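Numbered according to numbering that gives the first Met the number 0, the sequence shown terminates at residue 222, and the numbering increases by one at each position without gaps. Heads up, the beta-carbon is just placed ideally off N, CA and C, and yes, glycines get one too. A quick note: this is a predicted structure, and the numbers were derived from the prediction, not measured. What follows is a set of notes on a single structure, which appears directly below.
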Amino acid sequence: MRRRCGIAAALVLLASGHALSASATEPKAAAPPSFTFQATKLSPELRARVTGVSWHRGCPVGLARLRYLRMTYYGFDGRVHSGEMIVNRSAVRPLRQAFGRLFRSRFPIRRMRLVDDYGGSDYRSIEADNTSAFNCRRATGQSRWSQHAYGLAVDVNPIENPYVSNGRTTHPASRRYLDRSRHRRGTAYAGGALVRAFRQIGWGWGGTWSDPTDYQHFSANGR
């Protein structure tokens with residue numbers, strides 16, 4: 000009887016040893032990527048890069064009031080990418096919150112580069128489906144400064160979220176997105192992740208404007 004008990008105990012110990020050994024060799028699940036965000040003053044090199052392109056003398060905001068952002072975001076390929084943006088220094092904290100929320104919800108962004116890579120052309124930046132902020136230009140079709148000229152507005156996925164006037168867009172790739180009843184990936188719509196992220200920081204959305212309607216546009220003052 001003692002011998003049987005001893006054998007049984009040994010078998011239990013052996014089995015538990017195998018279990019411990021197996022669990023010790025199992026690979027640990029990789030931690031999900033974390034959102035990274037950095038804001039710095041414009042370096043001399045960056046000032047030279049934007050002067051005469053997205054910024055020039057006579058702009059309503061000086062270079063000293065602008066900040067250069069580097070942040071991570073999820074692309075349409077499901078991978079994490081690093082993007083750049085220039086904004087007003089007062090927009091740094093709220094945009095950290097908004098883009099942090101978008102990252103955690105894995106909201107896809109096509110690309111995030113300075114408009115200077117497109118010669119400061121808003122049209123070319125949109126054609127590239129580029130998410131951007133600062134650009135010292137006038138509001139579309141108006142004489143007043145755009146909120147982008149202050150670094151207080153962001154355009155997100157401008158092809159998926161077009162500027163629509165009289166029911167039309169000037170960008171052929173955006174025509175398929177004129178039907179806003181379809182909530183496709185990367186689009187802005189009421190209650191969606193993109194609109195919620197900016198609403199939670201108190202920014203307005205151009206998608207609520209009557210005509211024209213600017214679905215890509217988010218700004219600190221709602222204009």
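Can you round the beta-carbon distance between G150 and I85 to whole angstroms, since I take them to be within the 8 Å contact cut? About 6 Å; that satisfies the 8 Å criterion.
Nearest-angstrom beta carbon gap, R69 and Q37 [assumed within contact, 8 Å]: About 5 Å separates the beta carbon of Q37 from that of R69, a gap short enough to meet the 8 Å contact definition.
Near A196, what residues of its chain come up, given a Cβ to Cβ distance below 6 Å and the 5 sequence neighbours on each side ignored? Within the same chain, Cβ atoms closer than 6 Å to the Cβ of A196 are found at A97, R100 and L101, the five residues on either side in sequence being excluded.
On a Cα-Cα basis, can you pick out the residue from T168, G185 and R184 that is closest to L177? Of T168, G185 and R184, the smallest CA-CA separation from L177 is found for T168.
DSSP beta-bridge partners of M70: BP columns for M70 point to F36 and G82.
Return the CA-CA distance between V163 and A152, expressed in angstroms with no decimal places. Linking V163 to A152 through their CA atoms gives a straight-line distance of about 18 Å.
Cα-Cα, which of P43, F75 and D76 is closest to R66? Nearest to R66 by alpha-carbon distance, out of P43, F75 and D76, is P43.
Based on the DSSP output, what are the partners of F102 in its beta bridges? Its beta-bridge partners do not exist; DSSP assigns none.
Classify A127 as helix, strand or coil using the three-state DSSP reduction. In the three-state reduction of the DSSP assignment, A127 falls in the coil class.
Take P107 and list the residues in its own chain whose beta-carbon comes closer than 7 Å to its own, dropping the five residues that flank it on each side. These residues qualify, in order along the chain: Y73, G74, F75, R184 and G185.
When we look at the beta-carbon of Q215 and count the other beta-carbons within 10 Å, is it buried (16 or more) or exposed? Its Cβ being crowded by 16 or more others within 10 Å, Q215 is buried.
Residue burial classification, T207 (beta-carbon count within 10 angstroms, cutoff 16): So T207 counts as exposed.
Coil, strand or helix - S164 by DSSP: DSSP places S164 within a strand segment (E or B) once states are collapsed to three.
Residues in the same chain with beta-carbon distance under 7 Å from G119, minus the five sequence neighbours each way, listed in chain order, please. Here G119 has V52, S53 and N134 as same chain residues with Cβ atoms under 7 Å from its own Cβ, once five neighbours each way along the sequence are excluded.
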